[in-house]
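All letters in the sequence shown, in the order written, are residues 505 to 632 by the working numbering. Ideal Cβ placement from N, Cα and C applies to all residues, glycine included. Quick caveat, the model's predicted, so the values are computed rather than measured. For reference, the structure is listed below as structure tokens.
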Amino acid sequence: MLNRVILIGRLTADPELRYTQQGVAVTNFRIAVDRPFTNQQGERETDFFPIVTWRKLAETCAHNLSKGRLVAVEGRLQTRSYQAQDGSTRWVTEVVADDVRFLDWPRDGRPDAADATFDGFEEDEVPF
């Protein structure tokens, strides 16, 4: 079986870095990916994908990425549930990234750190 996702898109907002109770870094962000075709009105539609990164990759993304940056994300799809504040069960599907590549320069013109790559993933907790 195979569960692999590759996306190229732009961040819709700055990444959000948090730490679990055990001190493990986790970053969440969303990327916008244009569809490769136009709709009946001749316009491109866009899909928005939630991305999750863990540990060193999470910290690297949080410190080097910002809204509008172009990235390539590789990872796997994961579906999980959680209890909303109103007590209902909600389901979310997200990309758990194990590789994030920065494809453009930051606006200030300085190069960022080398591509952020994390080899290996052990999910031992969900931070929310």
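> When the Cα atoms are used, what is the spatial distance from Arg548 to Val537?
Replying inline: 10 Å
>> Is Leu511 close to chain B? Criterion is C-beta to C-beta, closer than 7 Å.
In response: Chain labels in this structure do not include chain B; a single protein chain is all it has.
>> Which of the three DSSP states is assigned to Leu574 in this structure?
In response: strand
>> Using the Cβ count rule (16 or more neighbours within 10 Å means buried), how would you classify Thr597?
In response: exposed
>> Arg594 and Ala576 - do their beta-carbons sit closer together than 7 Å?
In response: no
> Do Gly579 and Asp551 have their C-beta atoms closer together than 7 Å?
Replying inline: no
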